[in-house]
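Participant: Under this note's numbering, think of the first position of the sequence shown as 4, with each following residue one higher. Glycine residues also receive a C-beta, built at the ideal position from the N, C-alpha and C atoms.
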Amino acid sequence: MHPGWLSNSWLVVDEPTRRAIVIDTGGPFEPLRTIIEGESLELSHVLCTHHHHDHVHHNADYRERFGCAVCGHAAERELFPGGLDTLLADGDELVTGGLHVRALHIPGHTRGQLGFVINDEAVFTGDTLFRGSVGGTRAPGHTTFEDLRTSIVDVLMELPDETRIFPGHMDPTTVARERAENPFVLAWSGSRDVAGTRCTAFGEPAELLLRASDYDGGTKCWVRFEDGRMDVVPGSRVSRA
Numbered sequence: 004m005h006p007g008w009l010s011n012s013w014l015v016v017d018e019p020t021r022r023a024i025v026i027d028t029g030g031p032f033e034p035l036r037t038i039i040e041g042e043s044l045e046l047s048h049v050l051c052t053h054h055h056h057d058h059v060h061h062n063a064d065y066r067e068r069f070g071c072a073v074c075g076h077a078a079e080r081e082l083f084p085g086g087l088d089t090l091l092a093d094g095d096e097l098v099t100g101g102l103h104v105r106a107l108h109i110p111g112h113t114r115g116q117l118g119f120v121i122n123d124e125a126v127f128t129g130d131t132l133f134r135g136s137v138g139g140t141r142a143p144g145h146t147t148f149e150d151l152r153t154s155i156v157d158v159l160m161e162l163p164d165e166t167r168i169f170p171g172h173m174d175p176t177t178v179a180r181e182r183a184e185n186p187f188v189l190a191w192s193g194s195r196d197v198a199g200t201r202c203t204a205f206g207e208p209a210e211l212l213l214r215a216s217d218y219d220g221g222t223k224c225w226v227r228f229e230d231g232r233m234d235v236v237p238g239s240r241v242s243r244a
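1. Leaving out five residues on either side along the sequence, give the residues of the same chain with a beta carbon under 7 Å from the beta carbon of L102.
2. Does the beta-carbon of V188 have 16 or more other beta-carbons within 10 angstroms, so that it is buried, or is it exposed?
3. Looking only at its chain, what residues have a beta carbon closer than 7 Å to the beta carbon of T222, apart from the 5 residues adjacent to it on each side?
4. Do you know how far the Cα of Y218 is from the Cα of G135?
5. Straight-line CA distance for H112 to L151?
6. Identify every residue that forms a DSSP beta bridge with S242.
7. Work out the CA separation of G138 and V104 for me, nearest whole Å.
8. So the alpha helix (DSSP H) L151 belongs to, where does it begin and stop?
9. How close, in whole Å, do the beta carbons of D130 and H48 come, if the pair is a contact with beta carbons under 8 Å?
10. Is the separation between the beta-carbon of V197 and that of L212 shorter than 8 Å?
11. Report the rounded CA-to-CA distance for N11 versus G115, giving the unit in angstroms.
12. In angstroms, rounded to a whole number, what distance separates the CA positions of G193 and W225?
13. Buried or exposed for D230, please, with buried defined as at least 16 other CB atoms from any protein chain shown within 10 angstroms of its CB.
14. Contact defined as beta carbons within less than 8 Å: I believe V73 pairs with R66. What is the distance between those atoms, to the nearest angstrom?
15. Using beta-carbon positions only, say whether V158 and I109 come within less than 8 Å of one another.
16. Using the beta-carbon count (16 or more within 10 Å), is D164 buried or exposed?
17. Under the assumption that T128 contacts I168 (Cβ atoms under 8 Å), give the Cβ distance between them as a whole number of angstroms.
18. Mind checking whether F32 and H55 have CB atoms under 8 Å apart?
19. Near M233, which residues of its chain fall below 6 Å by C-beta distance, leaving aside the five closest residues on each side in sequence?
20. Given this structure, state the Cα-to-Cα distance separating A77 from D88, to the nearest angstrom.
21. Compute the Euclidean distance between the alpha carbons of N185 and T176, then round it to the nearest angstrom.
22. What span of residues does the alpha helix (DSSP H) with L35 cover, start to end?
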């Protein structure tokens, strides 16, 4: 994990074949390089959840050192430094050794945000879903609140309860835990009532529907503006009216 960005790089290994993949490259390069070379792993792919710098910082290092294919969504192909070797869309699958990867298109935080389900046991969610929190809809390349809600409630929360979640920032979790405890998931699935209060968000009058802890020690807020638009924004940009 990068100490400043708190962004994760995940190394997934198929032990019998020694084939491996990395999901996102924003974490420090040297520790994973040492493991890959020290354990004689064959790194076949870098899977990118989205184009933000804190998730793709070392794409070129992995490609140059290991000759692996860098993969991401076509909607963001022009935004990746060094480009993409393989374009992925919703439902696309790839196999390397005993690792079976299925891509999920989960937009909201960015247009081409991808999740990756591996061996039907784990899902890597990038900046869509965190332990106890969710991604924002004001980052560069974002789409809409409704996209984010759909990606979480109708896609990720439809995975089996026991599915392990490995987010783009901070700690792992499970589908069962997020369905039961994540305040945004509870509100958006109708399991928790919300009562709005007047606020200002990004300098605009709005209604604060939910404020909850975020992965970085701050808060994340779900707000509704006077024209009906809804967003998920950093708590630091929201003040009481």
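Facilitator: Answer, in terms of the structure:
1. Along the sequence shown, read from residue 1 onward, the residue named residue 102 stands at position 99. For L102, where only same-chain residues beyond five positions count, the Cβ hits under 7 Å are V15, D17, R22, I24, I121 and N122.
2. On the sequence shown, position 185 is the one that residue 188 refers to. V188 should be labelled buried.
3. For the purposes of this step, residue 222 is identified with residue 219 of the sequence shown, where counting begins at 1. The beta carbon of T222 sits closer than 7 Å to those of R214, A215, S216 and G238, all from its chain and outside the five residues before and after it, given in chain order.
4. For this step, residue 135 is matched to residue 132 along the sequence shown. For this step, residue 218 is matched to residue 215 along the sequence shown. If you take the alpha carbons of G135 and Y218, they lie about 8 Å apart.
5. For this step, residue 112 is matched to residue 109 along the sequence shown. For this step, residue 151 is matched to residue 148 along the sequence shown. The alpha-carbon separation between H112 and L151 amounts to approximately 7 Å.
6. Mapped onto the sequence shown, residue 242 falls at position 239. According to DSSP, which records beta bridges pairwise, S242 is partnered with T203.
7. As a first step, residue 104 is located in the sequence shown; it is residue number 101 there, counting from the start. As a first step, residue 138 is located in the sequence shown; it is residue number 135 there, counting from the start. Answer to the nearest angstrom: the Cα atoms are 23 Å apart.
8. The residue given as residue 151 occupies position 148 in the sequence shown. It spans F148 to R152 - the alpha helix (DSSP H) in which L151 sits, taken as one unbroken run.
9. Position 127 of the sequence shown holds residue 130. Position 45 of the sequence shown holds residue 48. Contact flag wrong, Cβ pair sits at about 20 Å.
10. Against the sequence shown, residue 197 aligns to sequence position 194. Against the sequence shown, residue 212 aligns to sequence position 209. Between V197 and L212, the CB-CB gap stays under 8 Å.
11. Along the sequence shown, read from residue 1 onward, the residue named residue 11 stands at position 8. Along the sequence shown, read from residue 1 onward, the residue named residue 115 stands at position 112. Taking the straight line joining both Cα atoms gives about 19 Å.
12. One-based indexing of the sequence shown puts residue 193 at position 190. One-based indexing of the sequence shown puts residue 225 at position 222. Spanning the two alpha carbons is a distance of roughly 15 Å.
13. Taking the sequence shown and counting its residues from 1, the one referred to as residue 230 is at position 227. The residue is exposed, with fewer than 16 neighbouring Cβ atoms inside 10 Å.
14. The residue you call residue 73 lines up with position 70 of the sequence shown. The residue you call residue 66 lines up with position 63 of the sequence shown. Between R66 and V73 the Cβ distance is about 6 Å, and since that is below 8 Å, they are a contact.
15. Within the sequence shown, residue 158 is the residue found at index 155, counting from 1. Within the sequence shown, residue 109 is the residue found at index 106, counting from 1. In this structure, I109 lies closer than 8 Å to V158 by Cβ.
16. On the sequence shown, residue 164 is found 161 positions in, with the first residue counted as 1. D164 should be labelled exposed.
17. Translated into the one-based positions of the sequence shown, residue 128 becomes position 125. Translated into the one-based positions of the sequence shown, residue 168 becomes position 165. Sure, about 6 Å apart at Cβ, within 8 Å.
18. The residue given as residue 32 occupies position 29 in the sequence shown. The residue given as residue 55 occupies position 52 in the sequence shown. Cβ atoms of F32 and H55: not closer than 8 Å.
19. The sequence position of residue 233 within the sequence shown is 230, counting from 1. The answer, listed in chain order, is F148 and R227.
20. If you number the sequence shown from 1, residue 77 lands on position 74. If you number the sequence shown from 1, residue 88 lands on position 85. Taking the straight line joining both Cα atoms gives about 11 Å.
21. Taking the sequence shown and counting its residues from 1, one reaches residue 185 at position 182. Taking the sequence shown and counting its residues from 1, one reaches residue 176 at position 173. Approximately 11 Å between the Cα atoms of the pair.
22. As a position in the sequence shown, residue 35 is number 32, starting the count at 1. Here the alpha helix (DSSP H) through L35 covers F32 to G41.
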